[in-house]
Structure formats: C-alpha cells, structure tokens
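Asks: Under the working numbering, the residue at position 195 of the sequence shown is numbered 195, and the numbers go up by one with no gaps.
By construction, the Cβ of each residue, glycine as well, lies at the ideal position given by its N, Cα and C atoms.
Quick one: structure below, then a few questions.
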Amino acid sequence: MEMNIETSRIPDPFPCQVWEPADMEEAMMIKRQYGANAAFVAGGTLLRTQWEGGIVSKHEHLIRLDTIADLRGIDESDQHIHIGALTRLRECGADMYIANHGATLYEACRHIAAPSIRNQATIGGNIASAVGDAIPALLVHNASLHWADIGSKVDLIQQDIVDWLDVVKSGRRSLDAILMGIVLEKQSTEHQQEITFFRKIGRREAFTPSLVTVAFRAMVDPLGHFSQVRIAAGGGSGIAMRLSRCEQLLEGNRYHAEMITSIALLASEDFVTYSDPFASEQYRQQTAGNLLAAGLWESIHSQIERR
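Rendered as structure tokens:
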C-alpha cells in the first residue's frame, strides 16, 4: 500500500505530518494507528477556526480527505440528490439539482462566510462542526447523513440529521467517524407552491460563526393552506434545532396576517440558545423570531405578487 506523506506547518510554527490516502481504507487505517493524535481534514477552514479559537488542540497528524475522489460531487437519482461530503460550498451554491430539490440549502451555501472561504470549505466540514450554518437548512429538508466509522461493525451508517444532532447534544458522538455524503429526498410539488428561505445575522463574513440563522420550508396549496412545514434555527456555537411549535402553528392552516406576530413570539420562546460576550440569549431568541417573521412575510407577499 502506497501513500503520500509530507511535513507541513499549519499554521506556522506548528509542525505536523500530513497524510494523503488514496481511498477510505487507507484513511481509516491511519486514523486507527494514531487515534486522537490524528484529525481528518479537507478544506481546513473548520480546523483553522477551532485552532484559532482554542476549541481543540493542534494535532500531530492530519489525514487529508480531499485526495479521495469518491467523496466529491453531486449526483441525482430518481428519488434523491446525493452530495459528496467534500463538495465545496461554492459548488453546492451553484448546482441546479440542489437549487431545484434543496432550495434552502442552496441559499445557505451561497451565504456562508466570504466567497474565498466558500471556494475552499466543504459541505462535510460545515456539518462535522455540528454548528455550521448549513445545518438548519439540512434540517428543513430532512437530510440524511452517510458515515464511515472505524469504531462500528457496520461499513456505512445512515442517520437522519435530526437524530445525529441528538447524539451530538448527548455527548455520544463518535470522533472516529468520517462523513461520506448527504442525501436529500426529492418531493413532488404538484398542485402546490414550495416556499423556502434562509436568513442569518452575523458579526462579519469571514471566519467568525453567525449569531443566528433560520431556515424555512413549506408547501402552500392554491387556497393558502400550509403543509409539510419545517422550521429550524441555529447560529454561533449552539446546536441547531427544529422549532416544532412554530411548525404546528402553520401546519394545515391558511395564512393570515396575524400569523406573523404570533410566529415571531413563538420562535423566540421555542429557540433554545445561549449567551456569550457577543450576544445575549434573549437577543438571539428575539432575532430568530424577527428573521423568521420577516422571511415568511416576504415569501408570502412575493408569492401573491406572482399570481
């Protein structure tokens, strides 16, 4: 078995050994050998923010995954869209399969960080952080994640993203798992109008996390009744979540103007978040409610104007 090895200084003056496996088997073998002293890396933007923020220690070994061609690209089947974990955010934000069947994710990937970061960062790295801005969008599309885990007897693990987030919150997340890809289900929009939007508030575009993100997806019939409502919020270092009470407020009901005020208040109550030096818990909750209400109002009125 032959693989490339190089010595790197990321960032200077931190010496580390960088491994370039040709396939997943080699990557898993290296991880088994070095354990916690090794980290998987693709775009590198996630590790950089974690190192700079003191969230994780710098590793002696980095295992490059961007050398594995099978982890890149976007494919369509009859019922699903398959996104390789190492597909760049820029590609996700320009792909027509995702635009047509994962519109909220498409929009999110066009607004994560700055363009230079989107050119380098991968969708898998954004998810693996557990706090990436793409996660609320994936929640409203009921995405499933495909993992390879050196600690599992199963070759490939499939997991709904909402279940994976529950595992993360419980502290039972495997640190030896590699995200292989993301799957979105296609859904028929016959006789219905799909409404989607993604909104975020951040401190700046570059490496700092957003303060608050919200994602919305629902179907609306010709009479204005909502169905298949999915609403999620996240941001900062908090774990994204579905806003179930907000979903229940809309599900099966016909739109009316009073919903805007109600959903803003309900979202601020429903959203479980935190305080830090940059924003209080109350600010994040109120902002989530305001973003959701504004996005819903704009989307509904845009739909009315198109009729």
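#1: I want to know whether the segment 60-78 touches the segment 18-32 - three or more CB-CB distances under 8 Å.
#2: Could you tell me whether the segment 76-93 touches the segment 180-190, where touching means 3 or more Cβ pairs closer than 8 Å?
#3: Are Gly236 and Leu211 touching if we call contact CB-CB under 8 Å?
#4: With DSSP collapsed to three states, give me the class of His141.
#5: Near Glu298, what residues of its chain come up, given a Cβ to Cβ distance below 8 Å and the 5 sequence neighbours on each side ignored?
#6: Does the Cβ-Cβ distance between Val229 and Leu250 come in under 8 Å?
#7: According to DSSP, is Val272 helix, strand or coil?
#8: Take the Cβ of Thr7 as the centre, count every other Cβ of all protein chains shown within 10 Å, and call the residue buried at 16 or more, exposed below.
#9: Grouping DSSP H, G and I as helix and E and B as strand, with all else coil, what is Glu298?
#10: Can Thr87 and Ile123 be called in contact, C-beta distance under 8 Å?
#11: Considering only C-alpha positions, which residue in the set Ile135, Gly132, Asp176, Gly171 is nearest to Trp147?
#12: If you measure between the beta carbons of Ala42 and Leu65, is that distance less than 8 Å?
#13: Using a 10 Å radius around the Cβ and a threshold of 16 neighbouring Cβ atoms, would you call Met259 buried or exposed?
#14: Check whether the Cβ of Ser77 lies closer than 8 Å to any Cβ atom in chain E.
#15: Could you spell out where the beta strand (DSSP E) holding Val56 opens and where it closes?
#16: Quick check on Ile68: buried or exposed, where buried means 16 or more other Cβ atoms within 10 Å of its Cβ?
#17: Just checking, does the segment 162-171 make contact with the segment 97-116 on the three C-beta pairs under 8 Å criterion?
#18: Residue ranges of each beta strand (DSSP E) run of no fewer than 3 residues wholly in the segment 122-189, ordered along the chain?
#19: Where do the N-terminal and C-terminal ends of the beta strand (DSSP E) with Thr196 fall, by residue?
#20: Check whether the Cβ atoms of Ile161 and Ser144 lie closer than 8 Å to each other.
#21: Three-state secondary structure (DSSP) at Gly35?
#22: Rounded to whole angstroms, what's the CA-CA distance from Gln193 to Ala233? Just pull it up for me.
#23: For the beta strand (DSSP E) that contains Ala240, what are its first and last residues?
#24: Grab the span of the alpha helix (DSSP H) containing Ala108 for me, first residue to last.
#25: Taking just the CA atoms, how far does Thr189 sit from Ala99?
#26: Do Arg199 and Val214 come within 8 Å of each other at the CB atom, strictly closer than that value?
#27: CB Val131 to CB Phe216, shorter than 8 Å?
#28: What does a CB cutoff of less than 8 Å around Tyr34 pick up in its chain, not counting 5 residues either side in sequence?
#29: Leaving out five residues before and five after Asp75 in sequence, what residues of the same chain have Cβ atoms less than 7 Å from its Cβ?
#30: Where Gln120 and Cys16 are concerned, what is the direct C-alpha to C-alpha distance, given to the nearest angstrom?
Replies: The relevant details are as follows:
#1: yes
#2: yes
#3: yes
#4: coil
#5: Phe197
#6: yes
#7: coil
#8: Because the pLDDT of Thr7 is 46, which lies under 50, any placement of that residue in the model is unreliable, and the number read from its coordinates should be weighed accordingly. Exposed, by the Cβ-count rule.
#9: helix
#10: yes
#11: Asp176
#12: yes
#13: buried
#14: Checking the listed chains, one finds no chain E in this structure; it contains a single protein chain.
#15: Per DSSP, Val56 belongs to no beta strand (DSSP E) and is neither H nor E.
#16: buried
#17: no
#18: 144-149, 157-160, 177-185
#19: 193-202
#20: yes
#21: helix
#22: 23 Å
#23: 238-242
#24: 103-109
#25: 14 Å
#26: yes
#27: no
#28: Glu60, His61
#29: His82
#30: 21 Å
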